[in-house]
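Trainee: Counting in UniProt numbering, the sequence shown runs without a single skipped number right up to 82 at its last residue. I'd like to ask you about the structure that follows.
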Amino acid sequence: MLKADVVRAWITDFLASLLHVDPADIKGDSRFNNIGLDSVDAVVMAGAMEEHFNTEIDATLFLRNSTVDELLADLQANGIIG
Numbered sequence: 001m002l003k004a005d006v007v008r009a010w011i012t013d014f015l016a017s018l019l020h021v022d023p024a025d026i027k028g029d030s031r032f033n034n035i036g037l038d039s040v041d042a043v044v045m046a047g048a049m050e051e052h053f054n055t056e057i058d059a060t061l062f063l064r065n066s067t068v069d070e071l072l073a074d075l076q077a078n079g080i081i082g
C-alpha cells in the first residue's frame, strides 16, 4: 500500500511541473481548477499516477475531488493509499 505522504509529494511535484507553478503554491486545500488543472490535465495526471505507482487510478477522481486533500482522502477510502 502506498504512503499518503509519498503520494502527496508526487502530486505536488507533478502538478507544479505540469502547470508551471511553484510547488509551494500547491497546498492541501488548493482547488484544482484554481491552479489551472483542466479535464485533459486530469486524465494525463491519472495516467502518470498509474504508471508511477503501478496501480489503477480512475480519472474521475479529479472530477469527484476538487483539492489535493480530497483526492488523498478518496484514494485512502478506496484502499489505494494508507
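We put the beta carbon where it would ideally sit given N, CA and C, even for glycine. This structure is a prediction, so every number in the text was calculated from the model and none was measured.
Is it buried or exposed for V6, if we count other Cβ within 10 angstroms and need 16 for buried?
Mentor: Here residue 6 refers to the residue found at position 6 of the sequence shown. So V6 ends up on the exposed side.
Trainee: What are the boundary residues of the alpha helix (DSSP H) that includes H52?
Mentor: Here residue 52 refers to the residue found at position 52 when the sequence shown is read from its first residue. First-last of the alpha helix (DSSP H) with H52: 39-53.
Trainee: Can you tell me whether I35 is helix, strand or coil according to DSSP?
Mentor: Numbered from its first residue, the sequence shown carries residue 35 at position 35. I35 falls in the coil class under three-state DSSP.
Trainee: Name the residue from I81, A16, A59 whose alpha carbon lies nearest to the alpha carbon of G36.
Mentor: Along the sequence shown, read from residue 1 onward, the residue named residue 36 stands at position 36. Selected option, being the one with the closest Cα: A16.
Trainee: I need the straight-line Cα distance from A48 to T60, nearest angstrom please.
Mentor: Taking the sequence shown and counting its residues from 1, one reaches residue 48 at position 48. Taking the sequence shown and counting its residues from 1, one reaches residue 60 at position 60. Distance between the alpha carbons of A48 and T60 is about 14 Å.
Trainee: Can you list, in chain order, the residues of its chain with a C-beta nearer than 8 Å to that of V21? Leave out the 5 residues immediately preceding and following it.
Mentor: Here residue 21 refers to the residue found at position 21 of the sequence shown. Only L15, I35, G36 meet the Cβ criterion.
Trainee: Since residue 113 sits in a beta bridge, which residues does DSSP pair it with?
Mentor: The question about residue 113 has no answer, for the chain in this structure spans 1 to 82.
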